[in-house]
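So the protein sequences, as listed, match chains A and B.
Once you know that position 45 of the first sequence is 44 in numbering that gives the first Met the number 0, the rest is easy, because the numbers rise by one and skip nothing.
Once you know that position 252 of the second sequence is 251 in numbering that gives the first Met the number 0, the rest is easy, because the numbers rise by one and skip nothing.
Written out below as structure tokens is the structure these notes cover.
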Amino acid sequence: MAQLGQSLLKKITANPNSSQDSIVRVSGDMDAAQDKLESAGFRIRRRLGLIKGFAVTGKGRALQDLAAQPWVTSIEEDQQVRTQGRSGS
Amino acid sequence: MSATKIHPALAAVMESQVGALTAGAGQPEIKIIVKHKPFLETMAAAAAIGGVVAMGRQYSRVFDGSSMAATPEAIRVLATRPDVEQIWLDEEIHTLLDVSVPLIGAPQLWSNGLTGKGIRVGIVDTGIDPDHPDFAGRISVIKDLTGEGDRDNNGHGTHVAGIVGGTGAQSGGKYRGVAPDCTFVIAKVLKGNGTGMMSDAIAGLEFMVDQHVQVVNMSLGGGSNCDGTDALSVACDNLWEQGMVVCVAAGNSGPSAGSLGSPGCAKNPITVGATDKQDGIADYSSRGPTADGRVKPDICFPGSSIHSCRAKNTALGEPIDNYYTTASGTSMATPHASGASALLLEAHPDAKPQQIKDALMASAKDLGLDPNTQGKGRADLVAANQALVPAAPPPVTPPAEQPPTPTPPPEQPPAPEPTPVPVPPPGGCRELIRSFFGG
């Protein structure tokens with residue numbers, strides 16, 4: 000079973016019916032994985048061949064079901080990143 | 000050989016003036032500095048060559064030598080003399096108000112002809128100001144992955160790019176970046192407010208693969224206390240394994256231990272901490288270890304109060320004028336590493352990313368701090384470049400032979416008569432020089 004990232008698990012637990020932006024990494028054929036994700040109701044935002052994964056949007060409950068799939072290797076929140084400059088010296 | 004006495008930068012200038020000669024122009028004059036001994040014989044010879052146009056200064060404290068202007072032909076003749084040790088180009092120097100670039104030794108590499116020419120550096124950031132004079136003609140492509148448009152509406156990416164390789168054209172060379180001849184490949188993954196999605200950053204990295212860049216700069220980050228297994232860190236690791244040098248910011252969540260975020264905790268990339276211009280560690284620079292116990296950062300570069308390019312209509316940092324601004328952070332340290340990597344790759348085009356990383360780390364100046372604060376220390380590009388020079392092969396040991404039959408020693412020739420050393424006139428050497436050149 001794939002591990003759900005900690006921050007994502009917290010959000011899903013708090014709101015299982017809300018939409019979450021996630022990154023899902025898979026094993027096996029990527030085209031087949033994309034078909035399965037779309038069939039499960041996820042919106043594919045990006046295909047990320049560099050990590051053999053997809054940026055998806057879908058309900059928290061659906062993500063929990065996804066984690067049980069043998070072809071899914073990890074699911075984590077699509078976190079915010081930001082510049083590493085700062086004011087001051 | 001006489002050719003090795005002519006410094007490469009001078010040889011390059013002499014080579015570039017062959018065209019002018021072919022076009023029928025007269026012999027050009029090149030300003031040079033000559034290290035030589037003994038002083039007077041060399042000066043007399045220089046005057047006799049006929050291609051030495053004018054004498055300049057004489058040196059005796061730092062080395063024995065002189066400055067002069069000479070034609071390429073005269074330079075070649077000078078180089079054949081046994082009393083001439085080295086001939087350098089008397090180069091124009093620039094005031095470098097950005098202390099950070101000379102602090103890490105970049106100008107010494109420039110003087111060896113290393114400026115990042117031919118190296119493609121990818122910058123995954125807020126975009127770039129394509130109209131800034133310091134990037135003229137060197138932006139290969141800009142890809143927007145935010146939906147906001149190509150323009151840098153924040154200023155961060157422009158500042159980072161300036162550190163990597165701005166020419167300093169708008170400042171008369173004052174704010175020149177580390178690799179001022181590199182080519183830029185820009186992926187805009189952060190919006191005008193400086194934020195973006197991890198998935199967009201990964202898409203930016205994929206773009207870099209398509210664009211065949213050699214160095215990637217990631218002055219961005221997210222999360223905290225990571226173990227390197229998150230998607231963005233894995234993407235950086237994979238990029239590295241595909242042959243790209245990846246430089247990532249440690250983060251600005253210091254000084255607490257374990258304050259690195261993604262992708263600072265990625266295993267392969269060069270994770271960069273920030274020092275100030277007095278070689279102190281910046282308080283804000285994130286500290287290791289990673290959540291899985293690895294030492295990070297790997298190395299430090301200057302990151303505090305860095306002057307670099309300002310994007311039009313932005314207010315990042317403390318603006319100096321319309322074209323430059325001052326900012327701090329591991330964001331500013333990281334592009335020093337990327338520019339450094341570009342210079343080293345130009346010098347050593349067959350070097351793998353791990354070799355670049357190992358050379359930088361092995362040659363860093365130890366600041367005497369905990370490795371999870373400083374990594375291996377503050378980078379030294381001259382030493383890193385030297386560390387990448389292959390070691391000389393071991394001498395070949397000849398096979399064992401029978402000892403030769405002893406022969407009587409040869410007769411010693413008589414000692415030669417010593418050559419008389421000319422005594423300077425009462426006015427000193429300057430008088431002698433003036434007497435040669437009528438000055």
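Beta carbons are placed, not taken as given, at the ideal position from N, Cα and C, and that holds for glycine.
Source: prediction; values computed, not measured.
Cα atoms of B/D379 and B/G104: separation of roughly 6 Å, rounded to the nearest angstrom. Restricting attention to B/V51, B/V188, B/V233, B/S285, the CA atom closest to the CA of A/E75 is found in B/V233.
In terms of CA proximity to B/S337, B/G121 leads the group B/S362, B/G121, B/I29.
Annotated three-state conformation of A/D30 is helix, per DSSP. About 7 Å separates the beta carbons of B/V245 and B/M217, which is inside the 8 Å limit, making them a contact pair. The residue among B/T333, B/R309, B/M331 with its C-alpha nearest the C-alpha of B/Y323 is B/R309. Taking 8 Å as the cut-off between beta carbons, the residues of the stretch 250-277 of chain B near chain A are G250, N251, S261, D275, in sequence order. Within the model, the alpha-carbon separation for A/T56 versus A/T82 is close to 24 Å.
Bounds of the beta strand (DSSP E) holding A/L47 are 42-47. Think of a sphere of 9 Å around the beta carbon of B/G193: the chain A residues whose beta carbon falls inside it are R81, T82, G84, in chain order. Straight-line measurement puts the Cα of B/S285 at about 5 Å from the Cα of B/N251. The C-alpha of B/I127 lies about 48 Å from the C-alpha of B/D63. Along the stretch 46-80 of chain A, the positions whose C-beta sits under 7 Å from a C-beta of chain B are L47, G48, L49, I50, G52, A54, E75, D77, Q78, Q79, V80, read in chain order. With respect to chain A, the C-beta atom of B/H211 has no partner C-beta closer than 8 Å. For the pair B/E147 and B/G165, the Cα-to-Cα distance works out to about 24 Å. DSSP, read as helix, strand or coil, puts A/L65 in helix. Against B/Y283, the close residues of chain A are R85, in the order they occur along the chain (beta-carbon pairs closer than 8 Å). For B/M360, the enclosing alpha helix (DSSP H) has its first and last residue at 352-361. The Cβ of A/S18 sits no closer than 8 Å to any Cβ of chain B.
For chain A, the residues of the stretch 180-207 of chain B that bring a beta carbon within less than 7 Å of one of its beta carbons are L189, G193, T194, G195, M196, M197, S198, A200, I201, A202, L204, E205, in chain order. Classified as exposed, A/S17 has fewer than 16 neighbouring CB atoms from the shown chains inside 10 Å of its CB. When C-beta atoms of the stretch 279-297 of chain B are compared with those of the stretch 359-375 of chain B, three or more pairs fall below 8 Å, so the two segments count as touching.
With a contact defined as Cβ atoms closer than 8 Å, B/H155 and B/I86 miss out at about 44 Å. Distance from the CA atom of B/D124 to the CA atom of A/A66, rounded to whole angstroms, is 32 Å.
Contact annotation: the stretch 188-199 of chain B does not touch the stretch 338-346 of chain B, with fewer than three C-beta pairs closer than 8 Å.
Residue nearest to B/D365 within the set B/G115, B/G167, B/D278 is B/D278 (criterion: CA-CA distance). The C-beta of B/N237 comes closer than 8 Å to at least one C-beta of chain A. Per the C-alpha coordinates, the member of B/G222, B/I280, B/H306, B/P254 positioned closest to B/A265 is B/G222. Taking a Cβ-Cβ cut-off of 7 Å, the neighbours of A/S88 in chain B comprise S303, S304, S327, given in sequence order. Considering only A/Q63, A/F53, A/S73, the residue with the shortest C-alpha distance to B/A202 is A/F53. Using a CB distance cut-off of 8 Å, A/I11 does not count as an interface residue toward chain B.
Between B/D229 and B/S261 the beta-carbon gap is near 5 Å, inside 8 Å, which marks them as a contact. Think of a sphere of 7 Å around the beta carbon of B/D229: the chain A residues whose beta carbon falls inside it are E75, in chain order. Distance check between A/W70 and each of A/R60, A/P15, A/V25, A/A13 places A/V25 closest, using alpha-carbon atoms only. At least one C-beta of chain B is nearer than 8 Å to the C-beta of A/I22.
Judged by beta-carbon spacing, B/V212 lies beyond the 8 Å limit of B/R137, meaning their Cβ atoms are not closer than that value.
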